[in-house]
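Engineer:
Protein chains: 2
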Amino acid sequence: MSIAEVARLAGVSTATVSRALSGRGHVSAAARERVVAAARELGYVVSQAASSLASGRTRNVGIVLPYLGRWYFSSVLEGAQMQLMHAGYDVTLYNLAGNDAERRIVFEDFLLRQRVDAVIAVALELTEAEVANLHAIGKPIVGVGGPIEGVRTLMIDDVAVARLATEHLIGLDHRRIGLIGGDRASDADFHMPAKRLRGWHAALHDAGIEADPRLMAQADFTLQGGYAAAKQLFGAPRHERPTAVFAASDEMAFGAILAARDLGLSVPDDVSIVGIDDHDMAEFFGLTTVAQFPRQQGARAVDVLMAQLQPDDATAEDTPLPFELRVRRSTARPRP
Amino acid sequence: MSIAEVARLAGVSTATVSRALSGRGHVSAAARERVVAAARELGYVVSQAASSLASGRTRNVGIVLPYLGRWYFSSVLEGAQMQLMHAGYDVTLYNLAGNDAERRIVFEDFLLRQRVDAVIAVALELTEAEVANLHAIGKPIVGVGGPIEGVRTLMIDDVAVARLATEHLIGLDHRRIGLIGGDRASDADFHMPAKRLRGWHAALHDAGIEADPRLMAQADFTLQGGYAAAKQLFGAPRHERPTAVFAASDEMAFGAILAARDLGLSVPDDVSIVGIDDHDMAEFFGLTTVAQFPRQQGARAVDVLMAQLQPDDATAEDTPLPFELRVRRSTARPRP
DNA sequence: TTGAAAGCGCTAACAA
DNA sequence: TTGTTAGCGCTTTCAA
Chain B
1 MSIAEVARLA GVSTATVSRA LSGRGHVSAA ARERVVAAAR ELGYVVSQAA
51 SSLASGRTRN VGIVLPYLGR WYFSSVLEGA QMQLMHAGYD VTLYNLAGND
101 AERRIVFEDF LLRQRVDAVI AVALELTEAE VANLHAIGKP IVGVGGPIEG
151 VRTLMIDDVA VARLATEHLI GLDHRRIGLI GGDRASDADF HMPAKRLRGW
201 HAALHDAGIE ADPRLMAQAD FTLQGGYAAA KQLFGAPRHE RPTAVFAASD
251 EMAFGAILAA RDLGLSVPDD VSIVGIDDHD MAEFFGLTTV AQFPRQQGAR
301 AVDVLMAQLQ PDDATAEDTP LPFELRVRRS TARPRP
Chain Y
337 MSIAEVARLA GVSTATVSRA LSGRGHVSAA ARERVVAAAR ELGYVVSQAA
387 SSLASGRTRN VGIVLPYLGR WYFSSVLEGA QMQLMHAGYD VTLYNLAGND
437 AERRIVFEDF LLRQRVDAVI AVALELTEAE VANLHAIGKP IVGVGGPIEG
487 VRTLMIDDVA VARLATEHLI GLDHRRIGLI GGDRASDADF HMPAKRLRGW
537 HAALHDAGIE ADPRLMAQAD FTLQGGYAAA KQLFGAPRHE RPTAVFAASD
587 EMAFGAILAA RDLGLSVPDD VSIVGIDDHD MAEFFGLTTV AQFPRQQGAR
637 AVDVLMAQLQ PDDATAEDTP LPFELRVRRS TARPRP
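This is the structure we're talking about:
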């Protein structure tokens, strides 16, 4: 089943079939109609391989991410994939699984095989060499969730987000505000935890509150990690205990809510808790949080990419992504 | 950077380069060495498009799944992707997002573009037409997590798994054993919920216990859904309340644990709870569960596929996948 | 074991 | 607007 048979059936040349089906170049309405009819009748579908070889375009985008199982990553992926699919693009998935060996294979081998037109890197800091390799073969890159040197990137302002969450607590008259931040491992790739810590710090500072190091705990962005960290914070003697905690992700905040409960502390009467993300389960837990919108972030990354793939690319600046405070049941004024 | 330049530098023909690099056909050790050296020196990587066009092989496998965000699916995907990567294969991801329109596009368009050598369908029931289309273009299919007519499939024995979970409760002397099963929507694609219900039923029957319809609740396989369903069950007057509940997935079981807690019921003193999956958070919740191993299921699906891609395929039977009871803190004898 | 050469199926310049 | 045709870069048959 090749383009030649369609051409024969439609009574035109293969070039016309190609033009009619791909939408590139001019074809009379009549010819287009016959071609489409013939293609449908024969059940013809272009061979991507042949098309790619001839045109240099693959209609395929690589998406690289460090994990699959976490809400943020799978949501970005979902958003990007939908959008790409509607643009007729395939998605090739490269999951690094937090693993250096895999990473090398992906960047030194898979991505260079000319199978993708572009790559989207999610919450990944690429090395100069990685970026250079990709640029060398003319593949545009778009980053989501963290800045990459010399690459168009979509990200929320993590400092501002953390500041907003913390200021919400300050606005409720909390003074002893704890932090559940990222641990060293989770910071390695992106410094996002460091930024969220900075936002917390800045908000306190502006309110004239001194950051108490005993109120800072670290975790790995999982619910379990958040639980353990929160137990440490909440387990302190009463006058040292925070009346509120800012967790750098919703999953950790969920853990903190459960920890409070297990200690017999009421949320929000004894402790207020705020997170970042607006995870699917935030509503269920009644968690006050700063929403980011990962599905939209993924879709938006695709839009940016499509623009870059156009010859007349009027690449705009890096835009900060929207975020939004969602107040639910987990925060309130401290009990006097 | 094409094969011709490598050939020139190595002082051999392009045919020899191709053979040396792909491992197909015989090449003298000396020639291979020179080719490999030349390729490395030039930074040569094959063009997949050209290779595919010439050989008909794409070194690319499509993975189709109904959702991305749930633990089971993303775990299977992760397992399959790792395994494929190590075999030098790319993964093209088709996420249906529980959406019929997407599904049609995927099956009538994307998968037929000859971009994949095979497809793995996760927890999906394919229609006869969908299978036929794929077979017509010679693409092998492997199913994971549910039977597909005429297709090699890897799945756990859902009836047996549910029976095991329920028999664990019976063995602890529970008699009033509730069920949190799937709702109609979640059953549509795979009848997995129906099978797990059957297992529960069969275990009760064999123990001479009559299944009480008031002890059956339905949910959508989410934590929230499990919570709501469990509240219904646990909210019943004391003598009608189940002393134990079997939830058809761990996420629903987590919800049930939280529901019990919110009602002031102790797990396992007042109610025992058992799930299916061995979710990453099962340990954290102390949940007794029947483990299945989705990462391994994904990897295994790849092995089966690779075998089918060999000409000398000695396709074995459908093998039932392993599962295993993991007893933790959420189950105990009922309080007298 | 190696090389020559004929495609694989499509796209895009160019000519008409 | 349409057709002719020369590749795109590789694999594989066939012959040596």
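If you read the protein sequences in the order shown, they are chains B and Y. Using my numbering, read the first sequence as starting at 1 and increasing by one per residue. Using my numbering, read the second sequence as starting at 337 and increasing by one per residue. For every residue, glycine included, the Cβ atom is placed at its ideal position computed from N, Cα and C.
1) Give the range of the beta strand (DSSP E) segment to which residue 409 of chain Y is assigned.
2) Does residue 450 of chain Y get closer than 8 Å to chain B when you measure Cβ to Cβ?
3) Can you list, in chain order, the residues of its chain whose CB lies under 6 Å from that of residue 102 of chain B, leaving out five sequence neighbours each side?
4) Going by C-alpha to C-alpha distance, which of Y/645, Y/667, Y/672 and Y/659 sits closest to residue 423 of chain Y?
5) For residue 94 of chain B, does the three-state DSSP call read helix, strand or coil?
6) Just how far apart, CA to CA, sit residue 323 of chain B and residue 118 of chain B?
7) Buried or exposed: which applies to residue 435 of chain Y, given that a residue is buried once 16 or more other Cβ atoms fall within 10 Å of its Cβ?
8) Our contact map puts residue 44 of chain B next to residue 6 of chain B with C-beta atoms below 8 Å; I'd like the distance itself, whole angstroms only.
9) Between residue 500 of chain Y and residue 399 of chain Y, what straight-line distance do the alpha-carbon atoms span, to the nearest angstrom?
10) With a cut-off of 8 Å, does the C-beta of residue 48 of chain B fall near any C-beta of chain Y?
11) Just how far apart, CA to CA, sit residue 608 of chain Y and residue 569 of chain Y?
12) Within a Cβ cutoff of 6 Å, which residues of the same chain sit near residue 341 of chain B, ignoring the five residues on either side of it in sequence?
13) So if I threshold CB-CB distances at 8 Å, which residues from the stretch 403-428 of chain Y count as touching chain B?
14) Just the Cα atoms here: how many angstroms apart are residue 465 of chain Y and residue 254 of chain B?
15) Under DSSP, the beta strand (DSSP E) around residue 492 of chain Y begins and ends at which residues?
16) With distances taken from CA atoms, which of B/14, B/107 and B/60 is nearest residue 90 of chain B?
17) Just to confirm before moving on: does the CB-CB distance between residue 535 of chain Y and residue 509 of chain Y stay below 8 Å?
18) Against chain B, does residue 644 of chain Y count as a neighbour if the rule is that its beta carbon must be under 8 Å from one of theirs?
19) Relative to the C-alpha of residue 113 of chain B, which residue among B/136, B/182 and B/125 is closest?
20) For residue 45 of chain B and chain Y, any beta-carbon pair shorter than 8 Å?
21) Measuring only the C-alpha atoms, how far is residue 162 of chain B from residue 195 of chain B?
22) Determine the DSSP secondary structure at residue 22 of chain B, reduced to helix, strand or coil.
23) Whose Cβ in chain Y lies nearer than 9 Å to the Cβ of residue 110 of chain B?
24) Taking the beta strand (DSSP E) that residue 216 of chain B falls in, what are its first and last residues?
25) Quick one, which of Y/626, Y/518 and Y/537 has its alpha-carbon nearest residue 555 of chain Y's?
26) Taking its Cβ as the centre, do 16 or more other Cβ atoms sit within 10 Å of residue 504 of chain Y, making it buried, or is it exposed?
27) Whole angstroms are fine: how far does the CA of residue 267 of chain B sit from the CA of residue 257 of chain B?
28) Buried or exposed: where does residue 598 of chain Y fall if 16 or more other Cβ atoms within 10 Å of its Cβ makes it buried?
29) At 8 Å on the CB atoms, spell out the chain B contacts of residue 552 of chain Y, in chain order.
30) Suppose contacts are defined by Cβ-Cβ distances below 8 Å. Is residue 240 of chain B in contact with residue 223 of chain B by that definition?
31) Along chain Y, which residues have their Cβ under 8 Å away from the Cβ of residue 223 of chain B?
32) Just the C-alpha distance for residue 412 of chain Y and residue 491 of chain Y, rounded to the nearest angstrom, thanks.
33) Can you find the residues in the same chain that come closer than 6 Å, C-beta to C-beta, to residue 216 of chain B, ignoring five residues on each side of it along the sequence?
34) In this structure, what does DSSP give as the bridge partners for residue 660 of chain Y?
35) Taking all protein chains shown into account, decide if residue 145 of chain B is buried (16 or more other Cβ within 10 angstroms of its Cβ) or exposed.
36) First and last residue of the alpha helix (DSSP H) that includes residue 535 of chain Y?
Structural biologist: Reading it off the structure:
1) As a first step, residue 409 of chain Y must be located in the second sequence, where it is residue number 73. Where residue 409 of chain Y is concerned, there is no enclosing beta strand (DSSP E), although the alpha helix (DSSP H) it sits in stretches over 407-422.
2) Here residue 450 of chain Y refers to the residue found at position 114 when the second sequence is read from its first residue. In terms of beta-carbon proximity, residue 450 of chain Y lines the interface with chain B, with at least one pair separated by less than 8 Å.
3) In the first sequence, residue 102 of chain B corresponds to position 102, counting from 1. These residues qualify, in order along the chain: 96.
4) Against the second sequence, residue 423 of chain Y aligns to sequence position 87. Closest option to residue 423 of chain Y, Cα to Cα, is Y/645.
5) Translated into positions along the first sequence, residue 94 of chain B becomes position 94. Here residue 94 of chain B sits in strand by DSSP.
6) Stepping through the first sequence from its first residue, residue 323 of chain B is reached at position 323. Stepping through the first sequence from its first residue, residue 118 of chain B is reached at position 118. If you take the alpha carbons of residue 323 of chain B and residue 118 of chain B, they lie about 27 Å apart.
7) Taking the second sequence and counting its residues from 1, the one referred to as residue 435 of chain Y is at position 99. Exposed, since its Cβ has fewer than 16 Cβ neighbours within 10 Å.
8) Walking along the first sequence from the start, residue 44 of chain B turns up at place 44. Walking along the first sequence from the start, residue 6 of chain B turns up at place 6. Going by Cβ atoms, the distance from residue 44 of chain B to residue 6 of chain B rounds to 5 Å, so yes, they are a contact pair.
9) To locate residue 500 of chain Y, count along the second sequence from 1; it is residue 164. To locate residue 399 of chain Y, count along the second sequence from 1; it is residue 63. Whole-angstrom Cα-Cα distance: 31 Å.
10) Along the first sequence, read from residue 1 onward, the residue named residue 48 of chain B stands at position 48. Yes, residue 48 of chain B counts as interfacial toward chain Y.
11) Within the second sequence, numbered from 1, the residue matching residue 608 of chain Y stands at position 272. Within the second sequence, numbered from 1, the residue matching residue 569 of chain Y stands at position 233. Here the alpha carbon of residue 608 of chain Y sits roughly 13 Å from the alpha carbon of residue 569 of chain Y.
12) There is simply no residue 341 of chain B to check, as chain B begins at 1 and stops at 336 in what is shown.
13) 404, 405, 407, 410, 411, 413, 414, 417, 418, 421, 426, 427 and 428
14) The residue you call residue 465 of chain Y lines up with position 129 of the second sequence. The residue you call residue 254 of chain B lines up with position 254 of the first sequence. Distance between the alpha carbons of residue 465 of chain Y and residue 254 of chain B: 44 Å.
15) By one-based count along the second sequence, residue 492 of chain Y stands at place 156. It is not in any beta strand (DSSP E) - residue 492 of chain Y carries neither H nor E in the DSSP assignment.
16) Stepping through the first sequence from its first residue, residue 90 of chain B is reached at position 90. If we check each option's Cα against that of residue 90 of chain B, B/60 comes out closest.
17) Position 199 of the second sequence, counted from the first residue, corresponds to residue 535 of chain Y. Position 173 of the second sequence, counted from the first residue, corresponds to residue 509 of chain Y. No, they are not a contact pair.
18) Taking the second sequence and counting its residues from 1, one reaches residue 644 of chain Y at position 308. Chain B contact via Cβ: absent.
19) Along the first sequence, read from residue 1 onward, the residue named residue 113 of chain B stands at position 113. Taking only the C-alpha atoms, the option nearest residue 113 of chain B is B/136.
20) Here residue 45 of chain B corresponds to residue number 45 of the first sequence, with the count starting at 1. Yes, contact with chain Y.
21) On the first sequence, position 162 is the one that residue 162 of chain B refers to. On the first sequence, position 195 is the one that residue 195 of chain B refers to. Residue 162 of chain B and residue 195 of chain B: Cα-Cα distance of roughly 8 Å.
22) On the first sequence, residue 22 of chain B is found 22 positions in, with the first residue counted as 1. If DSSP states are grouped into helix, strand and coil, residue 22 of chain B belongs with the helices.
23) Position 110 of the first sequence, counted from the start, is the residue given in the question as residue 110 of chain B. Residues of chain Y passing the Cβ test: 421, 424 and 426.
24) For the purposes of this step, residue 216 of chain B is identified with residue 216 of the first sequence, where counting begins at 1. Unbroken beta strand (DSSP E) run through residue 216 of chain B: 216-219.
25) Indexing the second sequence from 1 puts residue 555 of chain Y at position 219. Nearest C-alpha to residue 555 of chain Y: Y/518.
26) Translated into positions along the second sequence, residue 504 of chain Y becomes position 168. Buried, by the Cβ-count rule.
27) Counting from one through the first sequence, the residue named residue 257 of chain B turns up at place 257. Counting from one through the first sequence, the residue named residue 267 of chain B turns up at place 267. One C-alpha to the other measures close to 7 Å.
28) Numbered from 1 along the second sequence, position 262 holds the residue referred to as residue 598 of chain Y. Under this definition residue 598 of chain Y is an exposed residue.
29) Translated into positions along the second sequence, residue 552 of chain Y becomes position 216. Correct list: empty, because the minimum Cβ distance to chain B is about 23 Å.
30) Locating residue 240 of chain B in the first sequence gives position 240, where the first residue counts as 1. Locating residue 223 of chain B in the first sequence gives position 223, where the first residue counts as 1. No, Cβ-Cβ distance for residue 240 of chain B and residue 223 of chain B is not below 8 Å.
31) On the first sequence, position 223 is the one that residue 223 of chain B refers to. Residues of chain Y passing the Cβ test: 617 and 620.
32) As a position in the second sequence, residue 412 of chain Y is number 76, starting the count at 1. As a position in the second sequence, residue 491 of chain Y is number 155, starting the count at 1. Near 12 Å, if we compare the C-alpha coordinates of residue 491 of chain Y and residue 412 of chain Y.
33) Numbered from 1 along the first sequence, position 216 holds the residue referred to as residue 216 of chain B. Cβ neighbours of residue 216 of chain B beyond the five flanking positions: 179.
34) Against the second sequence, residue 660 of chain Y aligns to sequence position 324. Partner(s): Y/627.
35) Walking along the first sequence from the start, residue 145 of chain B turns up at place 145. Flag for residue 145 of chain B reads buried.
36) Taking the second sequence and counting its residues from 1, one reaches residue 535 of chain Y at position 199. Where residue 535 of chain Y is concerned, the enclosing alpha helix (DSSP H) stretches over 528-542.
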